[in-house]
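Last residue of the sequence shown: 46 in my numbering, with the numbers rising by one and none dropped. Ideal Cβ placement from N, Cα and C applies to all residues, glycine included.
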Amino acid sequence: MIQVDEFVKSGMVVGLGSGAASGLAVQYLGTRLRRGSLTGIVGIPS
1 MIQVDEFVKS GMVVGLGSGA ASGLAVQYLG TRLRRGSLTG IVGIPS
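Shown next, in the form of structure tokens:
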């Protein structure tokens with residue numbers, strides 16, 4: 001998901017929306033966090 005990579009960087013607070021697109025983005029961010037290519041993300045439900 002290239003768009004997510006453009007906007008979300010390590011150490012950010014991310015607003016978590018609802019729906020299919022945000023669900024896919026959250027799954028993708030989780031994968032990056034597990035791999036260690038992204039760190040320190042805080043998710044805030046919206």
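Could you tell me the distance, in whole angstroms, from the CA atom of residue i to the CA atom of residue j?
i: residue 22; j: residue 45; result: 11 Å
i: residue 19; j: residue 26; result: 11 Å
i: residue 3; j: residue 36; result: 19 Å
i: residue 24; j: residue 31; result: 11 Å
Measuring CB to CB, does residue i end up less than 7 Å from residue j?
i: residue 10; j: residue 33; result: no
i: residue 16; j: residue 40; result: no
For residue i, which residues of its own chain have a beta-carbon under 8 Å away from its beta-carbon, when the five flanking residues on both sides are left out?
i: residue 14; result: 8, 29, 41, 42, 43 and 44
Going by beta carbon distance, what residues of the same chain come within less than 7 Å of residue i, once the five residues before and after it are set aside?
i: residue 12; result: 41
Any heavy atom of the ligand NAD closer than 6 Å to the beta-carbon of residue i?
i: residue 44; result: The ligand NAD is absent from the structure shown, which contains no ligands of any kind.
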